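These protein sequence lines are chains F and V, in that order.
The first sequence maps to residues 1 to 220 in our numbering.
The second sequence maps to residues 1001 to 1227 in our numbering.
Note sheet for the following structure.
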Amino acid sequence: MNQILEQISICIQKGKVDSKMAYPPEMKGMPGADELTKAALDEGFSANDILSGALIHGMGIVGDLFREKRLFVPQVLMSAMAMKAAMVHLKPFFSSGELKQKGTFIIGTVAGDLHDIGKNLTAMMIEGAGWRVIDLGTDVKTERFLEVLNENGNAVVGLSALLTTTMEQMERSVKAIREHFPENRIVVGGAPVNSEFAKRIGASLYAPNPQVAVEYINSI
Amino acid sequence: MIFRQVSFGDLKIQRSSIIRTLFEGEFYGGEVEYIASLTDIVFSEFSAGISPSYGYEILDIQSIEDVSFKTEGVRFNCGKRVCNAVVGAEKVALFVATSGPGFEEIVRRRADDILFCYIADCVGSEIPEMLNKMIERELLDTFEPQGNRVSKPYSPGYCGWSVKEQNKVFSLLPSNPCGVQLNSSALMTPIKSISGLYAIGREVREVDYGCSVCNMKNCIKNEHNYR
């Protein structure tokens, strides 16, 4: 990998946003994902090279380490912040059409549940993998999922639940989505959910962690 | 209703326990130091901007069935596990505890800083739990000397007790207790709030939360984290 792309990838992995950020101590004062992405564009790297060769690469490593429990949520969030700082420079290339997202992922925590950490992490990792993410937030009614699916025909949809008592709501939402959009893929996750439950309610996949969701939707 | 307002400092939330939660007990070097410094900022903002409170009402139980009990003419369909905790009780303490609106204001102000918001969320989740411990202490101080026992707290949304039953809890408390409101899904605002019951009586038994379907290590309902 080219040196500057590798540096950007390392910034993503370490969560180094910019030169002002004191963390990590060994990179204090050094440029972060923000400055390096700009520099890479100035050096003539295409937006696509930066996105796939540095940002998605870096976030992929973060996702693997998170799955292996070698990184924890705060570190993933720092990586997501670095990714966000880099993406600011790439945004115009999405608008111009030079960069294309892999697809659309609609995500939300089901009705009756306000928990959002797992959902937010998954949304960030999926965005970091090059997807457009529509985050519907928490306490999302089934009708809202259907409404947004109507506007985004081929989207993959992700549902999260943390309460055992809202698993029933997850089941209702998945069944309604299946009924109206039989071809769309549905990913479910959350602490009380498991693959047996996912299969029983008609979801396409149970994702025990964000990286499993990323790998699955990338394989579609 | 008995009502108390406390300061964030009164809750005695330990920075070390927050760090342990954030890193799932696995400690590293530089990251921990950096996150600890951000946690200090969260503590400082919460100390200045949060006014936690709690309140509870002690009510006589009228009847107990297999999966429900009745108080003040309201039947709570709390499910078998919670009902097992209520069996043997003569009274219930229906409670609400909340961080107050300050939590959401701080998080809203810092919305762009997802790491701060995450740490704030972890600290914020501790607030109702620590308030719960205060309620429990008060109940024990009041009822234990008369030979009564006090159960663990049970909340709608957990242990098979539907979250919608939160409406019934609130129906027996003053309007917007501690400033907490329910939305159409029976969820509370401010979000860092908790409601539920304690069973009180001479024959109250210890009943596990029984969260066998859930693997959340840090959940307060996890037996290892309680008491």
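All C-beta atoms in this analysis are idealised placements derived from N, C-alpha and C, irrespective of residue type, glycine included.
Keep in mind it's a predicted model, so treat the numbers as computed, not measured.
Using a C-beta cut-off of 8 Å, the segment 181 to 188 of chain F makes contact with the segment 144 to 162 of chain F, since at least three inter-stretch Cβ pairs fall below that distance.
Using a CB distance below 8 Å, the part of the segment 1115 to 1126 of chain V facing chain F consists of L1115, Y1118, I1119, D1121, ordered along the chain. In this structure, the beta-carbon distance from G1196 (chain V) to S1162 (chain V) does not fall below 8 Å. Collapsing the DSSP output to three states places V212 (chain F) in a helix. Listed in chain order, the positions of the segment 71 to 85 of chain F with a beta carbon within less than 7 Å of a beta carbon of chain V are F72, V73, P74, Q75, L77, M78, A80, M81. Think of a sphere of 8 Å around the beta carbon of L1022 (chain V): the chain F residues whose beta carbon falls inside it are F72, V73, P74, in chain order. When C-alpha distances from G153 (chain F) are compared across F:A40, F:H57, F:I217, F:F105, the shortest belongs to F:F105. Straight through space, the alpha carbons of R67 (chain F) and F1043 (chain V) are spaced by roughly 30 Å. Residues of the same chain with a CB within less than 6 Å of the CB of K20 (chain F), apart from the 5 flanking positions on each side, do not exist.
Residue V:E1033 holds the alpha-carbon nearest to the alpha-carbon of Q75 (chain F) among V:N1132, V:Q1181, V:L1187, V:E1033. Sequence-distant Cβ neighbours of N1084 (chain V) in its own chain, meaning closer than 6 Å and more than five residues away, are V1207. Under DSSP, the beta-bridge partners assigned to M1188 (chain V) are V:L1182.
K1133 (chain V) and M78 (chain F) have their C-alpha atoms spaced approximately 33 Å apart. F1003 (chain V) is classed as exposed because its beta carbon has fewer than 16 other beta carbons within 10 Å across all chains shown. Counting C-beta atoms within 10 angstroms of its own C-beta, Q3 (chain F) has fewer than 16 neighbours from the protein chains shown and is therefore classed as exposed. Among the residues of chain V, those whose CB is under 7 Å from the CB of D139 (chain F) are S1185, L1187, following chain order. Secondary structure at G1201 (chain V): strand, using DSSP grouped into helix, strand and coil. Taking 8 Å as the CB threshold, T142 (chain F) stays off the interface with chain V.
Among the residues facing chain F, S1051 (chain V) is not included, as its CB has no counterpart in that chain under 8 Å away.
Under the three-state reduction of DSSP output, T37 (chain F) falls in the helix class. Here the C-alpha atom of E171 (chain F) lies approximately 47 Å from the C-alpha atom of P31 (chain F).
Separation of the CB atoms of F72 (chain F) and L1022 (chain V) is rounded to 7 Å, and the pair is thereby assigned contact status at 8 Å. Against chain V, the beta carbon of P24 (chain F) has neighbours under 9 Å at G1030, E1031, Y1034, listed in chain order. Any Cβ of chain V closer than 8 Å to the Cβ of T165 (chain F) would place that residue at the interface, and such an atom is present.
With its beta carbon at least 8 Å from every one in chain F, G1179 (chain V) lies outside the interface.
Neighbours of I1013 (chain V) in chain F, taken as residues whose beta carbon is under 7 Å from its own, are absent, since the nearest beta carbon is some 17 Å off. For A1093 (chain V), the uninterrupted beta strand (DSSP E) run begins and ends at 1091 to 1098, by DSSP. If only uninterrupted beta strand (DSSP E) runs of at least 3 residues are considered, those enclosed by the segment 1058 to 1129 of chain V are 1069 to 1071, 1074 to 1076, 1091 to 1098.
At a Cβ-Cβ threshold of 8 Å, G1201 (chain V) and G1088 (chain V) count as neighbours. Proximity to L1038 (chain V) across V:C1117, V:A1048, V:I1058 peaks at V:C1117, based on C-alpha coordinates. Around the beta carbon of N1183 (chain V), fewer than 16 other beta carbons lie within 10 angstroms, which makes this residue exposed. Using a Cβ distance threshold of 8 Å, V88 (chain F) and I12 (chain F) do not count as a contacting pair. Relative to the Cα of V193 (chain F), the nearest Cα in the group F:R185, F:G158, F:I220 belongs to F:G158.
Within chain V, not a single residue places a beta-carbon under 9 Å from that of I12 (chain F); the smallest gap is close to 15 Å. The continuous alpha helix (DSSP H) containing R144 (chain F) extends over residues 142 to 151. Pairwise C-beta distances place the segment 1093 to 1106 of chain V in contact with the segment 1049 to 1064 of chain V, as three or more of them are shorter than 8 Å.
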